[in-house]
Amino acid sequence: LAALAVVTGLTGSLLMSAPRAASFAPLLPRVTGAPFVTIPEYGPAGAHVLGYEDGARVALTLPLRNTGRLPVTVTSVAVDAGVAPLLVLGAGAGLPVRLGPGASAEVVVAGRLTNCRFFHEREMQTLTGLRLGIRVLGRPGMHDVPFDRPVLVKSPMIVGCPDRKLNRQADNRTDLL
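Using this note's numbering, read the sequence shown as starting at 595 and increasing by one per residue.
(1) Per DSSP, what are the beta-bridge partners of L721 in this structure?
(2) Indicate whether V625 and L644 have their beta-carbon atoms separated by less than 7 angstroms.
(3) Report the partner residues of D738 according to the DSSP bridge assignment.
(4) Looking at V691 and A616, is the spacing between their C-beta atoms short of 7 angstroms?
(5) Just verifying my parser: in three-state terms, what is the DSSP assignment at L770?
(6) Just the C-alpha distance for D648 and H714, rounded to the nearest angstrom, thanks.
(7) Nearest by alpha-carbon distance to R711: which of Y636, T667, V703 and P750 is it?
(8) For P744, I'd like the list of residues in its chain whose CB is within less than 6 angstroms of its CB, leaving aside the five on either flank, ordered along the chain.
(9) Thinking F630 and V739 are a contact (beta carbons under 8 angstroms), I'd like their distance in whole angstroms, please.
(10) Bridge partners for I752 per DSSP, in chain order?
(11) Can you check whether the CB of L681 is closer than 7 angstroms to the CB of V747?
(12) Do you know whose CA, among A650, G676 and Y636, lies nearest L724's CA?
(13) Is it buried or exposed, A678, if we count other Cβ atoms within 10 angstroms and call 16 or more buried?
(14) Closest to I728 by C-alpha separation, out of P638, C755, L689 and E700, would be which residue?
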């Protein structure tokens, strides 16, 4: 009876911690709908730069690769971009997607370039990765997956942002908190 209790406890513990066993390769994003270039020389790891075009609808293609030993179901994609980000991401197309060990799939996430009035012309939004909603062995969890290099969304000059005011204190993201 004691051995059964130990085995049951270990099995339960393994199931509860299954989402932490998930592992993904770094994301190498592709973007359509706005200028997107990779600059290997910018910063220690290089950078992807997304050019801001006010109101542009973009598609962010993410090749996901499960590098773990367990099958993983990806249920959602999110980014921690803060208040009034330049790039607002929506839902991912093709979700949920099941990835066996070593398997790959592409997820396309719709986004929109907006909120430039809250940024001055020298600011950038820096995205270092995404947060995936996952399920492993039936247990839900979250997993942060880094980009292969940061994605920089550069705020436009004033002529590229129709709602920006000349007074930099007129619209502040902190006012939205």
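Think of the CB as a built atom: it goes at the ideal place given N, C-alpha and C, for glycine as much as any other residue.
Looking at the coordinates:
(1) V745
(2) Judged by their CB atoms, V625 and L644 are nearer to each other than the 7 angstroms cut-off.
(3) R725
(4) no
(5) helix
(6) If you take the alpha carbons of D648 and H714, they lie about 14 angstroms apart.
(7) Of the listed residues, the one whose Cα sits closest to R711 is P750.
(8) A641, T720 and T722
(9) With a Cβ gap of about 19 angstroms, F630 and V739 do not count as contacting.
(10) Partner(s): none; I752 has no beta bridge.
(11) Going by C-beta atoms, V747 is nearer than 7 angstroms to L681.
(12) L724 has its Cα closest to that of G676, out of A650, G676 and Y636.
(13) The residue is buried, with at least 16 neighbouring Cβ atoms inside 10 Å.
(14) L689
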